[in-house]
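A.B. asks:
Residue numbers (our numbering): 82 to 333.
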């Protein structure tokens with residue numbers, strides 16, 4: 082017991098007061114020792130100890146028994162069977178919807194590709210039909226040009242005005258044909274004086290030349306060639322130069 086803080090039983094309370102009056106600053110601590118008061122204090126201490134023990138138990142890690150009981154608790158928290166069944170059906174329906182959507186998109190792509198391919202085929206066939214019709218017109222243009230060429234070669238200068246008017250009319254018709262062909266996408270090939278290209282021209286005869294620079298060159302355009310939309314409509318018919326080999330020297 083500290084002399085500065087004496088504990089005085091309640092039975093001697095008056096004596097303590099009397100003694101404290103003699104000192105200057107004496108602190109007195111009163112302890113109630115009545116039986117019922119002591120029992121109540123002991124009960125409160127036991128309750129605090131039990132609460133502390135329960136708190137420690139709650140914070141303690143699960144033991145083996147708790148771990149075995151955990152799966153059972155999880156099973157108890159599972160959804161009812163009919164709810165789980167609805168959940169599974171919903172997921173299955175969503176997967177099926179995704180599959181149907183993917184198949185629909187693939188079908189759309191295939192249909193678009195089919196339409197494009199069909200459009201290309203239709204355009205190709207239409208171009209082929211137009212090309213056949215244009216080739217027939219080219220034959221007419223060839224006939225007109227041959228007629229004009231023969232007429233020009235036979236001119237003597239003394240032709241009548243009527244004959245000259247006839248020739249001028251034929252030239253106008255030929256020029257009109259060529260204008261219509263150009264409007265339809267037909268272009269005339271210019272191959273004279275160029276190196277022979279089998280992709281554009283057809284050699285119908287050869288002309289012997291001594292100059293090496295004229296070897297393989299288109300010397301004459303017998304029939305003009307034409308392109309339609311950048312593609313060969315009709316190859317030109319030409320005469321190509323061929324270098325003459327020098328005679329071999331005789332060996333004595």
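Cβ coordinates follow ideal geometry from the N, Cα and C atoms, glycine included.
Indicate the three-state DSSP secondary structure (helix, strand or coil) for residue 270 in the structure shown.
C.D. replies: coil
A.B. asks: Residue 322 by DSSP, collapsed to three states: which one?
C.D. replies: strand
A.B. asks: For residue 268, which residues from the same chain have a beta carbon less than 6 angstroms from its beta carbon, with the 5 sequence-adjacent residues on both sides left out?
C.D. replies: 308
A.B. asks: Buried or exposed, going by whether 16 or more other CB atoms sit within 10 Å of the CB of residue 279?
C.D. replies: exposed
A.B. asks: Mind checking whether residue 238 and residue 288 have CB atoms under 8 angstroms apart?
C.D. replies: no
A.B. asks: Looking at residue 316: is its Cβ nearer than 8 angstroms to the Cβ of residue 273?
C.D. replies: Not in contact: residue 316 and residue 273 (Cβ atoms no closer than 8 angstroms).
A.B. asks: Indicate the three-state DSSP secondary structure (helix, strand or coil) for residue 301 in the structure shown.
C.D. replies: strand
A.B. asks: Pair every Cβ in the stretch 177 to 196 with every Cβ in the stretch 211 to 225, then say whether three or more of these pairs are closer than 8 angstroms.
C.D. replies: no
A.B. asks: For residue 320 and residue 300, which I take to be in contact (beta-carbon distance under 8 angstroms), what is that distance rounded to the nearest angstrom?
C.D. replies: 5 angstroms
A.B. asks: Count the other CB atoms within 10 Å of the CB of residue 161; is the residue buried (16 or more) or exposed (fewer)?
C.D. replies: Residue 161 should be labelled exposed.
A.B. asks: Can you name the start and end residues of the alpha helix (DSSP H) that residue 257 belongs to?
C.D. replies: 242 to 264
A.B. asks: Mind checking which residues open and close the beta strand (DSSP E) that includes residue 287?
C.D. replies: 282 to 290
A.B. asks: Hey, how far is the Cα of residue 233 from the Cα of residue 250?
C.D. replies: 14 angstroms
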